[in-house]
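Asker: Just so you know, we're using the working numbering here: the sequence shown kicks off at 1 and counts up by one.
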Amino acid sequence: MISDTLFWRAKNLGDGKFSYTPPVSACVGPEGHQFYMGGVAMATHIEALERHFKRPLYWATTHFLNHGLLGEDMELRVEAISGGRSVVQAMTEMRRGDTVLHRTIAALGARDGEPDRAFVSMPDAPPPQKCPTKQDDAMATKENLMNLFERRVPLEDSDAGLEHMWIRPLFEAKIDAAYLALISDFFLGAHVRTRRGTSLDNTFRLINLVESEWLMMVTQISSFTRGAAHGNAHIFAEDGTLLATSSQTGLLPRPLE
Numbered sequence: 001m002i003s004d005t006l007f008w009r010a011k012n013l014g015d016g017k018f019s020y021t022p023p024v025s026a027c028v029g030p031e032g033h034q035f036y037m038g039g040v041a042m043a044t045h046i047e048a049l050e051r052h053f054k055r056p057l058y059w060a061t062t063h064f065l066n067h068g069l070l071g072e073d074m075e076l077r078v079e080a081i082s083g084g085r086s087v088v089q090a091m092t093e094m095r096r097g098d099t100v101l102h103r104t105i106a107a108l109g110a111r112d113g114e115p116d117r118a119f120v121s122m123p124d125a126p127p128p129q130k131c132p133t134k135q136d137d138a139m140a141t142k143e144n145l146m147n148l149f150e151r152r153v154p155l156e157d158s159d160a161g162l163e164h165m166w167i168r169p170l171f172e173a174k175i176d177a178a179y180l181a182l183i184s185d186f187f188l189g190a191h192v193r194t195r196r197g198t199s200l201d202n203t204f205r206l207i208n209l210v211e212s213e214w215l216m217m218v219t220q221i222s223s224f225t226r227g228a229a230h231g232n233a234h235i236f237a238e239d240g241t242l243l244a245t246s247s248q249t250g251l252l253p254r255p256l257e
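1. So Ala41 is in the alpha helix (DSSP H); what residue range does that whole segment cover?
2. Does the Cβ-Cβ distance between Phe204 and Ala60 come in under 8 Å?
3. Where does Gln129 sit, in a helix, a strand or coil, going by DSSP?
4. Using the beta-carbon count (16 or more within 10 Å), is Pro30 buried or exposed?
5. Got a sec, what are the start and stop residues for the alpha helix (DSSP H) Leu148 sits in?
6. Please list the terminal residues of the continuous beta strand (DSSP E) segment that includes Ala229.
7. Could you have a look at Gly197 and say whether DSSP puts it in helix, strand or coil?
8. Work out the CA separation of Cys131 and Gly276 for me, nearest whole Å.
9. Quick one: what does DSSP say Leu242 is sitting in, helix, strand or coil?
10. Thinking C-alpha only, which one of Asn208, Ser246, Thr44 is nearest Ser222?
11. Going along the chain, which residues of its own chain have a beta-carbon closer than 7 Å to the beta-carbon of Val24, five neighbours each way excluded?
12. Taking the alpha-carbon positions, what's the Lys263 to Leu148 distance?
13. With the cut-off set at 8 Å, would you say Thr104 and Met91 are in Cβ contact?
14. To which residues does DSSP link Ile221 through a beta bridge?
15. Run through DSSP, which three-state label would Ala177 get?
16. Which whole-angstrom value is the C-beta distance of Gly16 and Glu114, which I expect to be below 8 Å?
17. Which partner residues does Ser19 have in the DSSP bridge list?
18. Pick out the complete beta strand (DSSP E) segments inside the segment 84–131, 3 residues or longer, and give them in chain order.
19. If you check the beta carbons only, do Ala118 and Val87 fall under 8 Å apart?
20. Count the other C-beta atoms from every protein chain shown that fall within 10 angstroms of the C-beta of Gln129, then say buried if there are 16 or more, exposed otherwise.
21. Pop quiz: Leu243 and Asn208 are said to be a contact at Cβ under 8 Å. What is the actual Cβ separation, rounded to whole angstroms?
22. At a threshold of 7 Å, does Leu182 count as lining the ligand FAD (C-beta to nearest heavy atom)?
23. Grouping DSSP H, G and I as helix and E and B as strand, with all else coil, what is Ile183?
24. Any beta carbon of chain D sitting closer than 8 Å to that of Ala125?
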């Protein structure tokens, strides 16, 4: 267990300004070059947005522009762009000094009057305990983010670009928009060719919030195009409730020499 469960939470300075310094639990990468994981960065942006506007997230798109490193001091700014009675559209920007690291655009709010309905179902799969453990990740160390989760894989079909993965945290975590956005950024781990790749963006859409020890992430790689992977994912609770969807583009890693 780690001491600070919200290791993606920025400090609120007021007036739409936040500060953040990533700990090792927010990072991935080899020893000596630990960098702020994109999914954690997206969680930082979303958590700050929901806290600032006091409204639930509809969707967010984050552009990953530059890497932040372990222990670097960063500043996050939140700005409302437009809004009405039930929905606000906003933008965030995270900087390290004069360098822009990430930008996020998002919509938050809620509108009553229409019953909720899901059109996507969780695939049949054995329970997590009966599935093989996912192979060790090249970005993992004993202390960083990749060792804070247990992952089990009932299906991995690289020819079809498809992976079904059970995932649970090895720390106390509440199912909320920020946490689910973090999980969604495991996209590039779904195919043997995409691992060690670099995310360019992530678009995350929140559907439902229910507590669940394990989550099922169904990732479909759509294509490899001009050196990039495109695809989408659905995240389900153990009882089959659809929690979130995401879509992403990431650069394929250069072959190891």
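Even for Gly, the Cβ is constructed at its ideal location relative to N, Cα and C.
Owing to the predicted nature of the structure, the values given are computational and were not obtained by experimental measurement.
Answerer: Judging by the given coordinates:
1. Start at 1 with the first residue of the sequence shown, and residue 41 comes out as number 41. Element bounds for Ala41: 38–53.
2. For the purposes of this step, residue 204 is taken as the residue at position 204 of the sequence shown. For the purposes of this step, residue 60 is taken as the residue at position 60 of the sequence shown. Cβ atoms of Phe204 and Ala60: closer than 8 Å.
3. Taking the sequence shown and counting its residues from 1, one reaches residue 129 at position 129. Reduced to three states, the DSSP call for Gln129 is helix.
4. Along the sequence shown, one-based indexing puts residue 30 at 30. Burial call: exposed.
5. Taking the first residue of the sequence shown as position 1, residue 148 is located at position 148. No alpha helix (DSSP H) holds Leu148; DSSP gives it neither H nor E.
6. Position 229 of the sequence shown holds residue 229. Element bounds for Ala229: 228–237.
7. Within the sequence shown, numbered from 1, the residue matching residue 197 stands at position 197. Correct three-state label for Gly197: coil.
8. Shown here, the chain extends from 1 to 257; a query on residue 276 therefore has no answer.
9. Numbered from 1 along the sequence shown, position 242 holds the residue referred to as residue 242. The answer is strand: DSSP assigns Leu242 an E or B state.
10. Here the question's residue 222 lines up with position 222 in the sequence shown. Here the closest residue by C-alpha is Ser246.
11. Indexing the sequence shown from 1 puts residue 24 at position 24. These residues qualify, in order along the chain: Gln34, Leu70, Glu143, Asn144.
12. Residue numbering for the chain in the displayed model covers 1 to 257; residue 263 lies beyond these limits and cannot be assessed.
13. As a first step, residue 104 is located in the sequence shown; it is residue number 104 there, counting from the start. As a first step, residue 91 is located in the sequence shown; it is residue number 91 there, counting from the start. Yes. Within cutoff.
14. Translated into the one-based positions of the sequence shown, residue 221 becomes position 221. Paired residues: Gly231.
15. As a working note, residue 177 is residue 177 in the sequence shown. Ala177 falls in the helix class under three-state DSSP.
16. Within the sequence shown, numbered from 1, the residue matching residue 16 stands at position 16. Within the sequence shown, numbered from 1, the residue matching residue 114 stands at position 114. Going by Cβ atoms, the distance from Gly16 to Glu114 rounds to 31 Å, so no, they are not a contact pair.
17. Residue numbering aside, residue 19 sits at position 19 when the sequence shown is read from its first letter. Ser19 is bridged to Lys11, Glu75.
18. 87–96, 99–109
19. Here residue 118 is taken as the residue at index 118 of the sequence shown, counted from 1. Here residue 87 is taken as the residue at index 87 of the sequence shown, counted from 1. It is not a contact, given that the beta carbons lie outside the stated cut-off.
20. Position 129 of the sequence shown holds residue 129. Gln129 should be labelled exposed.
21. Position 243 of the sequence shown, counted from the start, is the residue given in the question as residue 243. Position 208 of the sequence shown, counted from the start, is the residue given in the question as residue 208. Yes, Leu243 and Asn208 are in contact; Cβ-Cβ is about 5 Å, under 8 Å.
22. As far as ligands go, the structure on display features none, and thus does not contain the ligand FAD.
23. As a working note, residue 183 is residue 183 in the sequence shown. In this structure, Ile183 counts as helix in the three-state DSSP scheme.
24. Looking for chain D here will not work: only one protein chain is present.
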